[in-house]
């Protein structure tokens, strides 16, 4: 049994700490398991043929009396992997920082980042207005074509990823020019242990408007 201390591992009763690295796997010891996100570009989990997703993942149903949630894994209508993140100019959802005019001026609208290869495939140019949609809804965003995003090759297939900040929507600016929240697109599920929402990996489509 090991206790994790920050980025190191401490063995009970030991006076030293060990940086995680290659260790022999002993029979009966727990081993990390890999699960795909609920929405994924692959049909099978290459590391676990019995479970593609975590079998005890927490699902938050919009209608408590229904289990008919909207998910779209390996759906040709939503071919791109999406992720969400923060930006330096806004704190969390932006409900505090979007009140500040100079911060709002520095980062005024929602955007979607994509690779040059994906933009060329979709006929999208930098600063175009595009529609990003998932099985749950859609939003508009400003296209940012960047080398920060690169195509993946996953199980022999080229897969593109896009990224959106989730610090817009709901209020300020009151004319709606900032755009909607990227969380309109994300699935309502949580990690089996922590219940942290799975907003870092889901499937979308991107189209030029």
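In this note's numbering, the protein residues as written are 1016 to 1224.
Built from N, CA and C at the ideal position, the CB exists for glycine as well.
Keep in mind that this is a model prediction, so the values were computed, not measured.
| task | Mark residue 1100 as exposed unless 16 or more other C-beta atoms lie within 10 angstroms of its C-beta, in which case mark it buried. | result | By the neighbour-count criterion, in which 16 or more other beta carbons inside 10 Å mark a residue as buried, residue 1100 falls on the exposed side.
| field | Test item: CB-CB of residue 1102 and residue 1180 under 8 angstroms | value | Pairing residue 1102 with residue 1180 gives a Cβ-Cβ distance under 8 angstroms.
| request: Count the CB pairs spanning the region 1181-1201 and the region 1151-1167 that are closer than 8 angstroms, and state whether there are at least three. | output: With a cut-off of 8 angstroms, the region 1151-1167 and the region 1181-1201 count as touching, because enough Cβ pairs lie within range.
| Straight-line Cα distance separating residue 1064 from residue 1159 | When rounded, the separation of the alpha-carbon atoms in residue 1159 and residue 1064 is 37 angstroms.
| request: Could you name the residues of the same chain whose beta carbon sits closer than 6 angstroms to that of residue 1049, not counting the 5 residues immediately before and after it, in chain order? | output: 1062.
| request: Would you list the residues sitting across from residue 1100 in a DSSP beta bridge? | output: According to DSSP, which records beta bridges pairwise, residue 1100 is partnered with 1180.
| Can you pull the DSSP bridge partners for residue 1168? | When beta bridges are read from the DSSP output, residue 1168 appears opposite 1173.
| What is the DSSP secondary structure of residue 1208, counted as helix, strand or coil? | Three-state result, residue 1208: coil.
| field | Where residue 1156 sits in the DSSP three-state scheme | value | Assigned with DSSP and collapsed to three states, residue 1156 falls in strand.
| task | Answer yes or no: the CB of residue 1049 versus the heavy atoms of the ligand FAD, is any distance below 7 angstroms? | result | Within the structure as shown, the ligand FAD is missing, as the structure has no ligands at all.
| CA-CA distance, residue 1206 and residue 1217? | Approximately 14 angstroms between the Cα atoms of the pair.
| On the premise that residue 1204 lies in contact with residue 1072, defined as a C-beta separation below 8 angstroms, what is that separation, rounded to the nearest angstrom? | Distance from residue 1072 to residue 1204 at the Cβ level is roughly 6 angstroms; contact confirmed, criterion being Cβ atoms closer than 8 angstroms.
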